[in-house]
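A short write-up of the structure that comes next.
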Ligand code: SF4
């Protein structure tokens, strides 16, 4: 390795505790986020081995995956048990927990940044693949499974081999009406669901610099849909402005020292990435998925592709299965697809900017008859902000359902889910078979497209509304 | 965990690419608090929807090696996918590529994930379909897969292999390095955030309305 390092390498190096030849590195974890769906077995392991959580003060827990979004009472007995176990585990180990209905509760990847607990230069881990979200701050953030959660609880470290480095450069100016979700879907359509495998993606380019923190989180969130371990963006003025004054952000001289350090968090000029991809955004239009993995996407103005025309036999077979599951015929314009349910929310698009984008489209309009629209804020803070700005009124006035925060319809684990073959325009991140309900059909879209779709009852962009 | 050195068993062929962990076990079936009870969720949707789905075939119930297409185990980090495969009876999954988190989860639990080139996996699949009784042997000592008269080398992360071969507990090993961890902690910048645990009082407050 030369002296020049990529940002991902700098972050990695600064957290290496131990390095042996032919061995993975032992990395320190600055923040460990925990939720009810992947932690109970890890806490069990800790208990069985008579261990303790090494750093409860670097651990933060939330209730998000299982909680109902229409009530403060968790009626479902299984959800109740899971949430109850998390409460007991956090109480036993002195871990700060944001409970369902509490002012700071929300989806783990919305809450961490919002309270200023995620900062540039940190390592952030969580038993959840979308931990990549936090890379938006110039942090090294990635998801792990329950065994690793247990390892982090017990040791505050992780044994892991260094990831490859990858640069995704967005070139050209982003057209109006196109946002971070479209960037993510277009990139995944270009590089595929394993295009980033084993790598940390650094996002760069004028279109990225111009994104708000919320939008950067949307982009980094979906890195994992490109198969990447993590995604990140070097911290800049936008990052600092977002962090300043947040509850856990440094203050006084701590802030000054931190900012000075954060400014060094950039990829060196001569650093070499293992892989470089360029995505031209100047012609980009709103994107939508037609299939059952996030790479099966086309511009909203496009048509359902024909597997016949695919050259890769494996892709062709996958496309046939997708079309069969999705109940779609090749050549059908995406705009002709009638939608039953619209879901605005999740750790991808449940932040205040996302709600603003959806509300802007809905203002003065109504959700089409026969369409059910759920608006689920990513956190209680987002909810409160949306209420203060009058967005909740817009949603309620349009006939949408205004809910409490949680993962909701992003995955079929709580009471919000699709029934039968319902077709959903969803701002979440995964359109896998059965993700939103056993035979549910999911089309991933941006919040603006979701809102326009709710108005017309078919996949639509805001530009089409009169 | 007991040490793992060699596994030999019959195979099941899952001719699909992009089998994400939501397919391996849907979220619904992940809501159990322990590490058991997940087998009934294994490919639950496919088993229910398609009587011809390979795992519905009673003649392959004793198979312990799963052969699958590229990108097996992508998506969600749910370790339940590994627990479900193991509880069903699988000890090995062979595929051209795997999701990264899935691979880590599998090796931590002693489910061997073996990456072989696409043409080799195709060959193994064809052989298994022609002769369902044929066994595949995965040798973790030599990092070699063999079947009938053929064999292929595979690569596996060295640390994971070492822990598996000896049945060591990774947490125990790291806890022995407590001094180095503490030394790193003493060098961490002072401004980094710290959470403070609070008593679990009822702190619930909701403003505005909830509509449904
Ligand atoms: S919102 Fe969806 S993707 Fe995000 S953490 Fe919750 S379940 Fe996972």
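Chains as they are written, first to last, in the working numbering: chain L, 1 to 466; chain A, 1001 to 1212.
From the three backbone atoms N, C-alpha and C, an ideal C-beta is built for every residue, glycine too.
- If you ignore the 5 residues before and after residue 291 (chain L), its C-beta comes within less than 6 Å of the C-beta of 322, all in its own chain and listed in chain order.
- The continuous beta strand (DSSP E) containing residue 1007 (chain A) extends over residues 1006 to 1014.
- Excluding five sequence positions before and after residue 148 (chain L), the CB atoms of its chain that fall closer than 8 Å to its own CB belong to 125, 127, 158, given in chain order.
- Among the CB atoms of chain A, none fall inside 8 Å of the CB of residue 369 (chain L).
- In terms of Cβ geometry, residue 143 (chain L) and residue 131 (chain L) form a close pair [threshold 8 Å].
- At least one heavy atom of the ligand SF4 sits closer than 7 Å to the Cβ of residue 107 (chain L).
- At the C-beta level, residue 431 (chain L) and residue 444 (chain L) come within 8 Å of one another.
- Taken atom to atom, the span from the alpha-carbon of residue 84 (chain L) to that of residue 1131 (chain A) is near 50 Å.
- Among the CB atoms of chain A, none fall inside 8 Å of the CB of residue 389 (chain L).
- In the three-state reduction of the DSSP assignment, residue 1090 (chain A) falls in the coil class.
- In the displayed model, residue 1029 (chain A) falls within a helix according to three-state DSSP.
- In chain L, no part has a C-beta under 9 Å from the C-beta of residue 1117 (chain A); the shortest such distance is about 14 Å.
- Looking at L:215, L:18, L:195, the one whose alpha-carbon comes closest to that of residue 1175 (chain A) is L:18.
- The beta carbon of residue 1013 (chain A) is closer than 7 Å to those of 1054, 1067, 1125, 1128, 1129 in its chain, skipping five residues each way along the sequence.
- Relative to the Cα of residue 111 (chain L), the nearest Cα in the group L:201, L:94, L:134 belongs to L:134.
- Bridge pairing for residue 299 (chain L): L:287 [DSSP].
- Relative to residue 1062 (chain A), the option among A:1086, A:1069, A:1168, A:1070 whose CA is nearest is A:1086.
- Taking 8 Å as the cut-off, the beta carbon of residue 6 (chain L) is found closer than this to the beta carbon of residue 271 (chain L).
- What residue 270 (chain L) touches in chain A, judged by beta-carbon distance under 7 Å, is nothing: the nearest beta carbon there is about 27 Å away.
- The nearest non-hydrogen atom of the ligand SF4 is less than 7 Å from the C-beta of residue 411 (chain L).
- Distances taken from the Cβ of residue 346 (chain L) to the heavy atoms of the ligand SF4 include one shorter than 7 Å.
- Within 8 Å of the CB of residue 41 (chain L), the CB atoms of chain A belong to 1033, 1034, 1035, 1079, in sequence order along the chain.
- Every beta strand (DSSP E) of 3 residues or more that sits fully in the segment 212 to 243 of chain L is shown, in chain order, as 230 to 232.
- Between the segment 20 to 40 of chain L and the segment 372 to 388 of chain L, the count of C-beta pairs closer than 8 Å stays below three; the two stretches do not touch.
- Counted as a single uninterrupted DSSP element, the stretch harbouring residue 10 (chain L) is not any beta strand (DSSP E) but the alpha helix (DSSP H) occupying residues 7 to 13.
- Shortest gap from the CB of residue 1022 (chain A) to any heavy atom of the ligand SF4: 7 Å or more.
- What residue 1045 (chain A) touches in chain L, judged by beta-carbon distance under 9 Å, is 433, 434, 438, 439, going in chain order.
- Spatial neighbours of residue 438 (chain L) in its own chain (CB-CB distance under 8 Å, excluding positions within 5 residues in sequence) are listed in chain order as 412.
- If you draw a 10 Å sphere on the C-beta of residue 1141 (chain A), you find fewer than 16 other C-beta atoms in it, and that means exposed.
- The criterion of a C-beta distance shorter than 8 Å is satisfied by residue 226 (chain L) and residue 196 (chain L).
- When DSSP reads this structure, residue 372 (chain L) sits in a beta bridge with L:341.
- Looking at A:1003, A:1163, A:1016, A:1004, the one whose alpha-carbon comes closest to that of residue 313 (chain L) is A:1016.
- In this structure, the straight-line span from the alpha carbon of residue 1009 (chain A) to that of residue 194 (chain L) is close to 29 Å.
- The segment 1032 to 1101 of chain A is shown to contain whole beta strand (DSSP E) runs of 3 or more residues at 1065 to 1068, 1092 to 1095, in chain order.
- A distance below 8 Å separates the beta carbons of residue 23 (chain L) and residue 1159 (chain A).
- The nearest non-hydrogen atom of the ligand SF4 is 7 Å or more from the C-beta of residue 134 (chain L).
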